[in-house]
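Asks: Those letters in the sequence shown? Residues 1 to 448, by full-length UniProt numbering.
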Amino acid sequence: MFVLKHAFLNLKRHSWNYLLVCIMLFVLILGLMVTNIIYTSAKLFANDYSKQFPTIVSVLEPDLSNTTHDKKLTKEQYLKFGESKYVAGVKMVASVPISLNPLKTIDMPSPVQFQKLEGNEGANNFYQATANWLGASADDLIEGLNDSNMEIVTGSPKLKLNECLISSELAQLNQLKTGDTIQLTVTGNGITEYQTLTIAGIYQPKKLAESAEFKELMMTQENNVFTNWETIHALENFDRLGYNNISYELKNQKNFDRFLKEMQTKGMPSEYQVMTNEVSLEMLLSPVNGVGTLAGTILLGLFIFGNFSLLLFSLRNFRQRQTEICVLRNHGITKKQLIESRVLELFVVAGVSFIIALIVTNWVVQPIANWQLQNQKMLMGNIDPLFSSTSSGNVETIKSIPMMFTKGTFINTLGLTALFLTTIIFIDSYKLFKFESIECLLERKIDE
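1. Measure the C-alpha to C-alpha separation of T130 and I232 and round it to an integer number of angstroms.
2. Looking at the secondary structure, which residues open and close the beta strand (DSSP E) in which S280 lies?
3. Can you name, in chain order, every residue of its own chain whose Cβ lies under 7 Å from the Cβ of K72, other than the five neighbours on each side?
4. If the criterion is Cβ atoms closer than 9 Å, does the pair I166 and F226 meet it?
5. Name the DSSP beta bridge partners of V87, please?
6. Given a cut-off of 9 Å on the beta-carbon distance, is the pair G242 and A94 in contact?
7. So which of D48, F53, L346 has the shortest CA-CA distance to residue 451?
8. What three-state label does DSSP hand A295 in the structure shown?
9. Would you decide whether R316 is buried or exposed? Buried here means 16 or more other CB atoms lie within 10 Å of its CB.
10. Should the segment 181-200 be regarded as contacting the segment 146-165, the criterion being three or more beta carbon pairs within less than 8 Å?
11. Less than 9 Å between the C-beta atoms of V21 and V349, yes or no?
12. V97 by DSSP, collapsed to three states: which one?
13. DSSP state of M150, grouped into three classes?
14. Does the distance between the C-beta of I182 and the nearest non-hydrogen atom of the ligand FMN fall short of 8 Å?
15. Quick check: what's the CA-CA separation for S50 versus P205?
16. Whose C-alpha, out of E282, L284, L281, K261, is nearest the C-alpha of Q273?
17. Under the DSSP definition of a beta bridge, which residues are partnered with G188?
18. Less than 9 Å separating the beta-carbons of M404 and S41?
19. Hey, out of L250, V291, L145, V34, whose CA is closest to M275's CA?
In structure tokens form, the structure reads like this:
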């Protein structure tokens with residue numbers, strides 16, 4: 001009972017001193033709580049977000065442009081790889097760069113701007129964008145257009161031999177319509193080949209681009225010409241000028257090594273290489289991981305700095321309390337009672353600081369996390385075009401990291417707070433057990 005009474009009397013008597021302790025603990029606990037929540041939430045968000053993306057294995061074909069004896073794998077061979085029990089789906093797209101001359105193509109604004117000599121206005125310089133001829137099955141064609149935020153407005157994705165789809169922008173620019181014919185020029189390595197196609201349909205963007213980068217990306221895609229797989233592979237020199245973009249969606253990421261071994265067993269040449277979308281996904285999550293890493297670093301720094309600051313503060317505070325301790329010891333108060341009283345005082349102050357920090361954290365943690373996410377996006381550069389090529393169309397871009405105050409976060413913060421209190425209590429206990437009244441009196445100045 002004496003310890004309890006003495007503790008609350010001390011809190012009242014040294015209110016300003018304990019207010020300072022309360023503020024110090026509040027700042028440290030608030031920092032720990034905010035950084036701990038951001039660190040934990042970023043890790044959980046990155047883990048959950050990555051689960052929305054399937055593991056995609058892409059086959060990288062060797063360059064056969066300068067060889068005459070090697071042939072690329074056939075469609076049947078690729079489909080045979082896709083019959084594996086580890087594969088959930090196969091996407092096959094053939095491509096070859098083309099020229100649409102004499103047709104007009106959609107020009108891209110150059111990143112370099114030139115200043116007019118007559119005035120202060122800046123003028124954009126435009127350059128002719130490249131065009132690609134893409135060949136795929138009807139399902140893969142629809143999926144590819146959806147991933148590019150495009151849709152077919154006229155015609156059908158089920159194209160016949162030598163039929164094609166072009167963009168509405170390209171059609172308007174050249175006054176083309178369904179039923180008209182266009183000529184594609186395939187050039188490379190001293191080889192020129194021509195192909196005449198009939199326009200069987202038109203595609204266009206689903207919605208306006210939200211950013212300049214998306215707009216430029218869509219402009220380049222609107223120069224593309226789509227046909228079926230058989231039409232593009234009918235090119236005499238496709239093996240030397242074109243590329244097959246083959247990707248397999250795995251049922252489980254853990255099956256990658258088994259699937260690779262199975263492909264090699266089924267006859268995939270050693271010149272062929274494979275890669276997954278893991279690197280793209282890591283780049284996509286780099287702002288989130290950056291926020292988590294920064295929060296974890298600050299959390300560690302706060303813990304070290306906080307313990308060191310409290311250690312110095314406790315040493316200084318004990319020196320100021322020596323006279324009071326000397327008087328209490330001379331009146332028969334034991335060192336154990338003084339320590340118990342001090343512990344009780346600190347628990348009350350820490351409890352108040354913890355509750356206030358918990359309330360303030362609930363207000364500030366989400367805005368701080370959003371601010372840091374925007375900063376990380378600026379540091380990493382624009383990754384939205386990467387998102388459009390990595391996602392399957394049903395996953396939203398990362399605009400915010402939801403903050404979650406989990407049970408683990410609460411326990412961690414409580415544990416770190418307890419370590420702060422342990423630092424103060426350890427210093428006070430050590431100094432108190434070594435304290436001798438006679439030494440205190442001899443060391444005091446005469447006016448004290």
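Every residue gets a Cβ at the ideal spot worked out from N, C-alpha and C, and that includes glycine.
Replies: Taking the coordinates as given:
1. 18 Å
2. Counting along the chain, S280 falls outside any beta strand (DSSP E), though it belongs to the alpha helix (DSSP H) covering 278-284.
3. E61, L64, D239, N244
4. yes
5. L250
6. yes
7. Coverage of the chain is limited to positions 1 through 448, which leaves residue 451 absent and any answer about it impossible.
8. helix
9. exposed
10. yes
11. yes
12. What sits at residue 97 in the sequence shown is Pro, not Val. In the structure shown, P97 sits in a strand (DSSP, three-state: E or B).
13. strand
14. Among the ligands in the structure shown, none appear at all, so the ligand FMN cannot be discussed.
15. 27 Å
16. K261
17. I191
18. yes
19. L250
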